[in-house]
Each structure stands twice: as C-alpha cells, then as structure tokens.
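A short write-up of the structure that comes next.
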Amino acid sequence: MQRIRREDALEAMERGAVLQAYSAGETIFISKRHGLWDWQRDGIPGWLLPELDDAGLLPEALKTA
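Okay, here's the thing in structure tokens:
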C-alpha cells in the first residue's frame with residue numbers, strides 16, 4: 327500500500343472546502359490518519375498558491391511581480 331503525504335491528502339480534498347477553510351483562517355480536518363491542517367503551522371502548499379491568487383485570497387507578501 328502506498329503511503330500518501332499530508333499535503334497530497336489535502337490536495338485530494340474538495341477544493342471549495344480547502345479555500346473556505348483558508349479564507350476563514352480555520353484548520354481543516356484532512357482525515358483520521360492525517361489529522362488537521364493548520365495554516366499557521368503547516369503553511370500554504372505550493373499547489374494551492376495559484377488557486378488562492380485566482381480567488382483573490384493570496385497574501386500580498388506571497389505574490390510575485
């Protein structure tokens with residue numbers, strides 16, 4: 327059985343739920359095995375940056391010129 331990383335498990339979740347949790351600053355439950363994703367502790371995964379930018383949620387400090 328292949329092990330899945332926490333970041334991959336987060337990416338497999340419904341995107342709207344992930345964006346909503348990020349915009350509210352709330353931790354998101356990934357699964358019993360992977361636990362919670364805490365934005366302050368775990369950060370923003372690279373795959374989510376373009377989607378946050380498209381949704382107008384990307385912090386200015388993370389935007390590239």
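Note that the numbering used here has the sequence shown beginning at 327, numbered continuously upward.
Glycine included, C-beta positions come from ideal geometry on N, C-alpha and C.
For residue i, which residues does DSSP report across the bridge?
i, result
"I354", "W363"
Give me the Cβ distance between residue i and residue j, rounded to the nearest whole Å; I'm assuming they're in contact under 8 Å.
i, j, result
"P371", "E340", "Contact flag wrong, Cβ pair sits at about 15 Å."
"G351", "W365", "7 Å"
"L345", "E386", "So it is not a contact: roughly 18 Å between Cβ atoms."
Within a Cβ cutoff of 8 Å, which residues of the same chain sit near residue i, ignoring the five residues on either side of it in sequence?
i, result
"L362", "T353, I354, F355, I356"
"D379", "K389"
Does chain D have any CB closer than 8 Å to the CB of residue i?
i, result
"L345", "In the structure shown, chain D does not exist; there is a single protein chain."
Check for me: the alpha helix (DSSP H) holding residue i runs from which residue to which?
i, result
"R332", "332-337"
"P376", "375-380"
Taking 6 Å as the limit between beta carbons, can you name the residues of its chain near residue i, skipping five residues before and five after?
i, result
"L336", "I356, W363"
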